[in-house]
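Some notes on the structure that comes next.
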Amino acid sequence: MRSASEQADGPDGPGGGAGGGPAGGADGRPAPEEHAYPDHWEADVVLRDGGTARIRPITADDADRLVSFYEQVSDESKYYRFFAPYPRLSAKDVHRFTHHDFVDRVGLAATVGGEFIATVRYDRINDLGRPASFPADEAEVAFLVQDAHQGRGVASALLEHIAAVARERGIRRFAAEVLPANTKMIKVFTDAGYTQKRSFEDGSVRLHLDLEPTDRSLAVQRAREQRAEARSVQRLLAPASVAVVGAGRAPGGVGRTVLRNLLDAGFKGRVYAVNPGLGDGEGELDGVPAFPSVAAVGAPVDLAVVAVPAERVPEVVADCGEHGVRGLVVLSAGYAESGTEGRARQRALVRQARSYGMRIIGPNAFGIIDTADDVRLNASLAPEMPAAGRIGLFTQSAAIGVALLARLHRRGAGLSSFISAGNRADVSGNDVLQHWYDDPATDVVLLYLESIGNPRKFTRLARRTAAVKPVVVVKGARHSGSAPPGHRVPVTRVPHATVDALLRQAGVIRVDTVTELVDAGVLLAGQPLPAGPRVAILGNSESLGLLAYDACLTEGLRPQRPLDLTTAATPADFRDALAAALADDTCDAVVVTTIPWVGIEGTTEVLAASLREAVAGSGAAGAAKPVVVVHVEMGGLAEALSAATSTRPTPSRTRRPAAPAPASATPEAQEPPETQEAPGAQEAQEPPEQAAPARNIPAYPAAERAVRALAEAVRYGQWRRQAADPGRVPEYDGIDESGAAALIARVLGERGAGQESRGVTLTTDEAGELLGRYGIAVRPTLPAPGPDEAVAAAARLGYPVALKTTAPHLRHRPDLGGVRLDLATEEQLRTAYAELAEALGKPEELQPVVQAMVPRGVDTVVRAAIDPAVGAVLSFGLAGAASELLGDTAHRLVPATDRDAAELVRSIRTAPLLFGWRGSAPVDTPALEELLLRVSRLVDDHPEIVSVALEPAVVAPSGVSVLGAAVRLAPPPPTTDLGPRRLPSY
Numbered sequence: 001m002r003s004a005s006e007q008a009d010g011p012d013g014p015g016g017g018a019g020g021g022p023a024g025g026a027d028g029r030p031a032p033e034e035h036a037y038p039d040h041w042e043a044d045v046v047l048r049d050g051g052t053a054r055i056r057p058i059t060a061d062d063a064d065r066l067v068s069f070y071e072q073v074s075d076e077s078k079y080y081r082f083f084a085p086y087p088r089l090s091a092k093d094v095h096r097f098t099h100h101d102f103v104d105r106v107g108l109a110a111t112v113g114g115e116f117i118a119t120v121r122y123d124r125i126n127d128l129g130r131p132a133s134f135p136a137d138e139a140e141v142a143f144l145v146q147d148a149h150q151g152r153g154v155a156s157a158l159l160e161h162i163a164a165v166a167r168e169r170g171i172r173r174f175a176a177e178v179l180p181a182n183t184k185m186i187k188v189f190t191d192a193g194y195t196q197k198r199s200f201e202d203g204s205v206r207l208h209l210d211l212e213p214t215d216r217s218l219a220v221q222r223a224r225e226q227r228a229e230a231r232s233v234q235r236l237l238a239p240a241s242v243a244v245v246g247a248g249r250a251p252g253g254v255g256r257t258v259l260r261n262l263l264d265a266g267f268k269g270r271v272y273a274v275n276p277g278l279g280d281g282e283g284e285l286d287g288v289p290a291f292p293s294v295a296a297v298g299a300p301v302d303l304a305v306v307a308v309p310a311e312r313v314p315e316v317v318a319d320c321g322e323h324g325v326r327g328l329v330v331l332s333a334g335y336a337e338s339g340t341e342g343r344a345r346q347r348a349l350v351r352q353a354r355s356y357g358m359r360i361i362g363p364n365a366f367g368i369i370d371t372a373d374d375v376r377l378n379a380s381l382a383p384e385m386p387a388a389g390r391i392g393l394f395t396q397s398a399a400i401g402v403a404l405l406a407r408l409h410r411r412g413a414g415l416s417s418f419i420s421a422g423n424r425a426d427v428s429g430n431d432v433l434q435h436w437y438d439d440p441a442t443d444v445v446l447l448y449l450e451s452i453g454n455p456r457k458f459t460r461l462a463r464r465t466a467a468v469k470p471v472v473v474v475k476g477a478r479h480s481g482s483a484p485p486g487h488r489v490p491v492t493r494v495p496h497a498t499v500d501a502l503l504r505q506a507g508v509i510r511v512d513t514v515t516e517l518v519d520a521g522v523l524l525a526g527q528p529l530p531a532g533p534r535v536a537i538l539g540n541s542e543s544l545g546l547l548a549y550d551a552c553l554t555e556g557l558r559p560q561r562p563l564d565l566t567t568a569a570t571p572a573d574f575r576d577a578l579a580a581a582l583a584d585d586t587c588d589a590v591v592v593t594t595i596p597w598v599g600i601e602g603t604t605e606v607l608a609a610s611l612r613e614a615v616a617g618s619g620a621a622g623a624a625k626p627v628v629v630v631h632v633e634m635g636g637l638a639e640a641l642s643a644a645t646s647t648r649p650t651p652s653r654t655r656r657p658a659a660p661a662p663a664s665a666t667p668e669a670q671e672p673p674e675t676q677e678a679p680g681a682q683e684a685q686e687p688p689e690q691a692a693p694a695r696n697i698p699a700y701p702a703a704e705r706a707v708r709a710l711a712e713a714v715r716y717g718q719w720r721r722q723a724a725d726p727g728r729v730p731e732y733d734g735i736d737e738s739g740a741a742a743l744i745a746r747v748l749g750e751r752g753a754g755q756e757s758r759g760v761t762l763t764t765d766e767a768g769e770l771l772g773r774y775g776i777a778v779r780p781t782l783p784a785p786g787p788d789e790a791v792a793a794a795a796r797l798g799y800p801v802a803l804k805t806t807a808p809h810l811r812h813r814p815d816l817g818g819v820r821l822d823l824a825t826e827e828q829l830r831t832a833y834a835e836l837a838e839a840l841g842k843p844e845e846l847q848p849v850v851q852a853m854v855p856r857g858v859d860t861v862v863r864a865a866i867d868p869a870v871g872a873v874l875s876f877g878l879a880g881a882a883s884e885l886l887g888d889t890a891h892r893l894v895p896a897t898d899r900d901a902a903e904l905v906r907s908i909r910t911a912p913l914l915f916g917w918r919g920s921a922p923v924d925t926p927a928l929e930e931l932l933l934r935v936s937r938l939v940d941d942h943p944e945i946v947s948v949a950l951e952p953a954v955v956a957p958s959g960v961s962v963l964g965a966a967v968r969l970a971p972p973p974p975t976t977d978l979g980p981r982r983l984p985s986y
């Protein structure tokens, strides 16, 4: 595929003209002006097969790399690129393709191991297709991908990045000319999701792409990202061969322990021991072949577990990279957790591994586990292989990972896979969510996180995953004020409480402790989701039943009066009562409470079997309901309940590739039915006549723990049902988007120079004008530096009026006496003015203002702020010190839907004040919701608006009045989730 300037090059071939040598080109265009190297264009990306590549601008130092790359391209690919046989590049070609001005002519290369595997370039052109400069907004684009790397998604990734570069440089459209036989390249363009036109001219296909991102282009980009990142994790979890680098000669030590764990787990692939201290032909360790290096293995190695001192890791990474290893699990410590030197060592490790296309678990990792029958991988320090199950577990802490593995084992819960990422310098919770999203072996996701590197992306991925399977998160280091050592994360101004609220909005089940994480996980993995909050309680202890009843009320559930079976109840009585409750249409879940029988042995196993029998018999009777058991001093009941189900045969589970979700699919479209069957029954490949595995009934030693886990399942089930209808972003009249944009540009142009870090605060008039463009009227406020000016202002506004101080220490603090309301006459106004001055200070200190009175109502606060890590957040709460002290504020991500606005108003604890509490008149909540949605639209349309505060917004029985507004502008902050795909740089 040729660019326009190449078509005009004549017999000298590509590069024979436009912009070629230092003195200019044959078309008379001057030589490229020197521009600073745009290092922010550099990015690491994950390709379709799970490997990585680095994308960067091509520079004059790349001449030899370009020649070597071109020599490895087939003649057919060269013909497709230049429309003619072109076996080699001339010196003029090389100069042209490596010298760019980074504005009108740009070249990017995808590299692996420092060598080019693909290139893309654009040349800005005018309406006649000739080379041009700004303000021309069209460019010709051309790609070339090495044949060995075609089909890996390299061209698609390069298109995303070159399009972003072009938009940054003022280019709005791409043009490309492609031979009809070059179907792969045509598909790259047509599948990208951009608005495009296609024509057939002179034997070639002419394509025009509008580079403005569309909903479809963003969906395509994210679907490709999901497939690539999921595949990169799957390659780590299901390798065909593993080398343990650092396995010592003597038993013990980290490397030798991992080697032993691999063998004891029955890993289905090939295992090699690597110890640089071994000589050639030294034989084997623990019965597996041992070698001094990965290179000496002489066979493919998919995964390397690195357990050598940190200073020796670089040579191991180079050895692995040069011999095709796909991924690394780095157990070695001494990285970012150890200080400044360690942080530099960690950055170098990531750069080195990614340069070879490898991904890393760690460093300072505990390891990874996959229990699939055809994998059986225990590349970790865990001495026992967990039982196979439906839970995916991710931790950032080795100690917490050990504790969680042990607790899940004691509760009889099995795992599909386990990843303990340590410093998570590369593979993070986001990558693992991408994998588990469509992993058929995983029904529940449990995450222990100490930091979230990209909250915006994590929230997006969690929302999509939660739409099909539960995601339970416990976050450590919530109150430390900083990320744990070793975890470098973007700076965020958003409090943890806000991030938690946004995660709950995304359907994440947020718990506070690892105990609650396990409690929720075993319930969700073994029981169906409840259809509602109605709970039946039955058992042989009235006191324990009442404790469960009280716990249900505390958690917002609707419990029925407990059914006391008395202490004389037999296991058969439990079975019959549970069967009746499960068949009862007036309850959605059942809590069974039990205490030991006095003087009777062997009842534990009988009771467990009876409960299981009742649950198994309820399947045909109607919708399945979750059952939890609360036991007091009944040792072995939890194990018996688990054993009662684990002894039944379950379908064999293999780690087969997951079918990718269609690019156009939405989480709502993929949502399973409201009433979920037992885990394992949803596998599409399972024949209908096969029985689903029996459900594991979770048991808890305290009623509060059981009910809390059940309440989380109830809330999650409700979120799942609501996720099918997320609402819409309504269109409103009276919105002048272009007028607002012009005002913002003018203010930033006049006062924004040198204010990138602090931003520009709009004046009262400017804020009112900007908000007015979006139909948000701010009541006028007139300054009153003296009593005469106050009287004049009141005459202009009309009585009655309010007199308020605006000094920073008194602003929005009516409790300090800085506000006088309902002043109906000049005399009252002058008296109030004198009282304020006498009580609080001189007028020049108080900065008094006069404002017309508005209808009485409830004072509220509406805010929106943009955080680089989280994005735009819309917040709502009632005004006043009490709400601030209690932190009673609700949050939603922008753009907010009508459902979001309604939930925002109703989710604060003081919401009853808006709906007629204690006989007061209900206020106009539809008007309040419209105000919230207009603010959301304003911030979403104009990323230069970094903060908006409407305080107070008085909501009356009819209408809402905004009495104060503050708006701050700044150049748009960089976003972490809206640009082209890239891995984070830690």
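Residue 13 in our numbering sits at position 13 of the sequence shown, and the numbers go up by one each step. We put the CB at the ideal spot given by N, CA and C, even for glycine.
| Item | Value |
| --- | --- |
| For Arg198, count neighbouring Cβ atoms within 10 angstroms of its own Cβ and tell me buried if that reaches 16, exposed if not. | exposed |
| So, at 6 Å on beta carbons, what are the nonlocal neighbours of Tyr700 in its own chain, with the 5 sequence-adjacent residues on each side left out? | Val630 and Ala706 |
| Please state if the CB of Arg326 and the CB of Arg359 are separated by a distance shorter than 9 Å. | yes |
| Need the endpoints of the alpha helix (DSSP H) that Phe189 sits in, please. | Thr183 to Thr190 |
| Any idea if His35 is buried or exposed, counting beta-carbon neighbours within 10 angstroms, 16 or more meaning buried? | exposed |
| In this structure, does DSSP put His161 in helix, strand or coil? | helix |
| Can you give me the start and stop residues for the beta strand (DSSP E) that Thr805 sits inside? | Val801 to Thr805 |
| Based on Cα-Cα distance, which residue from Thr825, Lys842, Val850 and Gly798 lies nearest to Val819? | Val850 |
| Using a Cβ distance threshold of 8 Å, determine whether the region 786-803 contacts the region 849-867, with at least three qualifying pairs required. | yes |
| Tell me the residue span of the alpha helix (DSSP H) that contains Leu524. | Val514 to Gly526 |
| Under 9 Å between the Cβ atoms of Val350 and Gly246? | no |
| Can you check whether the C-beta of Pro855 is within less than 9 Å of a C-beta belonging to chain D? | Although the question refers to chain D, the structure presented lacks it and comprises just one protein chain. |
| For Thr647, is the classification buried or exposed, using 16 other Cβ atoms within 10 angstroms of its Cβ as the cut-off for buried? | Caution applies to Thr647, whose pLDDT of 35 falls short of 50 and renders its modelled position unreliable; the value that the coordinates give is listed next. Result: exposed. |
| Identify whether Arg656 lies in helix, strand or coil by the three-state DSSP scheme. | Reliability of the predicted coordinates at Arg656 is poor, the pLDDT of 43 falling under 50, and the value obtained from them is presented with this limitation in mind. Note: Arg656 maps to coil in three-state DSSP. |
| So, helix, strand or coil for Asp550, using DSSP? | helix |
| Between which two residues does the alpha helix (DSSP H) holding Arg351 run? | Thr340 to Ser355 |
| Could you pull the start and end residues of the alpha helix (DSSP H) that Tyr732 belongs to? | From DSSP, Tyr732 is part of no alpha helix (DSSP H); its letter is neither H nor E. |
| Considering Cα atoms alone, identify which of Pro38, Leu415, Lys842 and Leu278 is closest to Val444. | Leu415 |
| Sort Gly739, Asp438 and Trp41 by Cα distance to Thr1031 and report the nearest one. | In the structure as shown, the chain begins at 1 and stops at 986. Residue 1031 is therefore absent and cannot be evaluated. |
| Within the region 390-433, note down every full alpha helix (DSSP H) run reaching 4 residues or more, in order along the chain. | 398-410 |
| State the Cα-Cα distance for the pair Val905 and Ala387, rounded to the nearest angstrom. | 45 Å |
| Please work out which residues of its chain come closer than 8 Å, Cβ to Cβ, to Arg407, disregarding the five sequence neighbours upstream and downstream, and give them in chain order. | Val514, Thr515 and Val518 |
| Let's see if you can read the secondary structure: which residues bound the beta strand (DSSP E) around Ala290? | Val288 to Phe291 |
| At what residue ranges does the region 806-862 contain a whole run of the beta strand (DSSP E), taking only runs of 3 or more? | 819-823 and 848-852 |
| Which residues bound the alpha helix (DSSP H) around Thr52? | Where Thr52 is concerned, there is no enclosing alpha helix (DSSP H), although the beta strand (DSSP E) it sits in stretches over Thr52 to Pro57. |
| By Cβ distance below 7 Å, which residues in the same chain neighbour Leu158 in space, the five residues on each side in sequence not counted? | Ile55, Leu108, Ala110, Ala118, Val120 and Phe143 |
| Hey, could you find the ends of the beta strand (DSSP E) Ala538 is sitting in? | Residue identity differs from the one stated: residue 538 is Leu in this sequence, not Ala. Where Leu538 is concerned, the enclosing beta strand (DSSP E) stretches over Arg534 to Gly539. |
| With DSSP as the reference, label Ser883 as helix, strand or coil. | helix |
| In terms of alpha-carbon separation, which member of Phe174, Ala580, Ala793 and Gly51 lies closest to Gln234? | Gly51 |
| According to DSSP, is Pro30 helix, strand or coil? | Residue confidence for Pro30 is low, a pLDDT of 46 falling below 50, so the modelled location carries little weight; the figure read from the coordinates is stated next. DSSP places Pro30 in coil when its eight states are reduced to three. |
| Would Thr761 and Ala965 be called neighbours here (beta carbons separated by less than 9 Å)? | no |
| Count the other C-beta atoms from every protein chain shown that fall within 10 angstroms of the C-beta of Ala192, then say buried if there are 16 or more, exposed otherwise. | buried |
| Does the distance from the CB of Arg130 to the CB of Ala175 come in under 9 Å? | no |
| Cα separation between Arg376 and Leu950? | 57 Å |
| What did DSSP end up calling Asp39 once you bin it into helix, strand or coil? | helix |
| How many Å lie between Tyr194 and Thr214 at the Cα? | 6 Å |
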